[in-house]
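Peer 1: I'd like to ask some things about the structure below.
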């Protein structure tokens with residue numbers, strides 16, 4: 656049995672994270688092999704202040720809301736490999752993107768640094784729907800060129816005074832890793 660004060664502490668922590676814009680929604684499940692002990696879902700699928708993109712409405716989350724856990728690969732694996740490249744002296748946190756990538760990124764992004772990408776301090780949008788067309792790509796290289804081309808077509812965010820997690824930034828970091836490690 657979970658004490659009511661413990662249950663309330665979890666709710667308070669999740670609400671605090673939402674209020675501090677650490678995330679827009681959260682779900683906490685505590686279970687053991689015999690039963691689910693706690694299931695709490697709070698928040699919304701995205702912030703109301705951002706216009707709807709790609710028919711993605713603002714919805715309250717519930718215990719049936721699916722979260723894209725696969726997206727963890729980008730920050731976890733990519734961050735570890737970027738740190739490895741920095742430890743090896745191949746990359747530097749303050750290194751500008753223009754010194755690594757030429758002609759494949761929007762010009763407004765080239766003055767930013769690796770650290771800016773890692774800390775989500777660029778005007779890149781949070782994500783883009785790269786699955787809107789079912790296109791058969793003949794190679795990885797073709798797929799990368801297509802995704803970078805689509806990133807080039809996305810205008811920068813205008814609310815640059817706020818930090819915004821960006822899948823696009825981590826896709827670019829992945830491309831940088833491919834370039835340096837072949």
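In the working numbering, the protein residues as written are 656 to 837. C-beta atoms are modelled at their ideal positions from N, C-alpha and C, and glycine is treated no differently.
#1: Relative to the alpha-carbon of residue 667, which residue among 689, 801, 695 has its alpha-carbon at the smallest distance?
#2: Rounding to the nearest angstrom, what Cα-Cα distance links residue 804 and residue 672 in this structure?
#3: Looking at the strands, I want to know which residues DSSP matches up with residue 682.
#4: Can you list, in chain order, the residues of its chain whose CB lies under 7 angstroms from that of residue 802, leaving out five sequence neighbours each side?
#5: For residue 709, is the classification buried or exposed, using 16 other Cβ atoms within 10 angstroms of its Cβ as the cut-off for buried?
#6: Just checking my contact of residue 766 with residue 753 at CB under 8 angstroms: how many whole Å lie between their CB atoms?
#7: Assuming residue 681 contacts residue 699 under a Cβ cut-off of 8 angstroms, what Cβ separation, rounded to an integer in Å, is found between them?
#8: Short check: CB of residue 764 to CB of residue 810, under 9 angstroms?
#9: Please list the terminal residues of the continuous alpha helix (DSSP H) segment that includes residue 801.
#10: Helix, strand or coil: how does DSSP classify residue 774 here?
#11: I need the DSSP call for residue 664, collapsed to helix, strand or coil.
#12: Figure out for me which residue from 719, 746, 782, 693 has the closest Cα to the Cα of residue 824.
#13: Please work out which residues of its chain come closer than 7 angstroms, Cβ to Cβ, to residue 813, disregarding the five sequence neighbours upstream and downstream, and give them in chain order.
#14: Let me make sure I understand the geometry here. Which of 676, 678, 831, 771 has the alpha-carbon closest to that of residue 755?
#15: Could you tell me the distance, in whole angstroms, from the CA atom of residue 797 to the CA atom of residue 717?
#16: Bridge partners for residue 768 per DSSP, in chain order?
Peer 2: Looking at the coordinates:
#1: In the chain shown, counting from the first residue as 1, residue 667 sits at position 12. Taking only the C-alpha atoms, the option nearest residue 667 is 695.
#2: Taking the chain shown and counting its residues from 1, one reaches residue 804 at position 149. Taking the chain shown and counting its residues from 1, one reaches residue 672 at position 17. Their Cα atoms are separated by approximately 35 angstroms.
#3: Within the chain shown, the letter at position 27 stands for residue 682. According to DSSP, residue 682 bridges with 696.
#4: On the chain shown, position 147 is the one that residue 802 refers to. 785, 826.
#5: Your numbering for residue 709 matches position 54 in the chain shown. Summary for residue 709: the model assigns pLDDT 44, below 50, so the residue's position carries little reliability; its value from the coordinates is reported in the next sentence. Per the 10 Å Cβ criterion, exposed.
#6: On the chain shown, position 111 is the one that residue 766 refers to. On the chain shown, position 98 is the one that residue 753 refers to. With 8 angstroms as the limit, residue 766 and residue 753 qualify as a contact, their Cβ atoms being about 7 angstroms apart.
#7: Here the question's residue 681 lines up with position 26 in the chain shown. Here the question's residue 699 lines up with position 44 in the chain shown. So it is not a contact: roughly 11 angstroms between Cβ atoms.
#8: Numbered from 1 along the chain shown, position 109 holds the residue referred to as residue 764. Numbered from 1 along the chain shown, position 155 holds the residue referred to as residue 810. Going by C-beta atoms, residue 764 is not nearer than 9 angstroms to residue 810.
#9: By one-based count along the chain shown, residue 801 stands at place 146. Residues 795–808.
#10: Position 119 of the chain shown, counted from the start, is the residue given in the question as residue 774. Residue 774 falls in the coil class under three-state DSSP.
#11: Reading the chain shown from its first residue, position 9 is the one you call residue 664. Reduced to three states, the DSSP call for residue 664 is helix.
#12: The sequence position of residue 824 within the chain shown is 169, counting from 1. Of the candidates 719, 746, 782, 693, the one whose C-alpha sits nearest the C-alpha of residue 824 is 782.
#13: For the purposes of this step, residue 813 is taken as residue 158 along the chain shown, with counting starting at 1. Here the set comprises nothing.
#14: Residue 755 sits at position 100 when you count from the first residue of the chain shown. Residue 755 has its Cα closest to that of 831, out of 676, 678, 831, 771.
#15: Start at 1 with the first residue of the chain shown, and residue 797 comes out as number 142. Start at 1 with the first residue of the chain shown, and residue 717 comes out as number 62. Residue 797 and residue 717: Cα-Cα distance of roughly 39 angstroms.
#16: Residue 768 sits at position 113 when you count from the first residue of the chain shown. Note: residue 768 sits in a beta bridge opposite 751.
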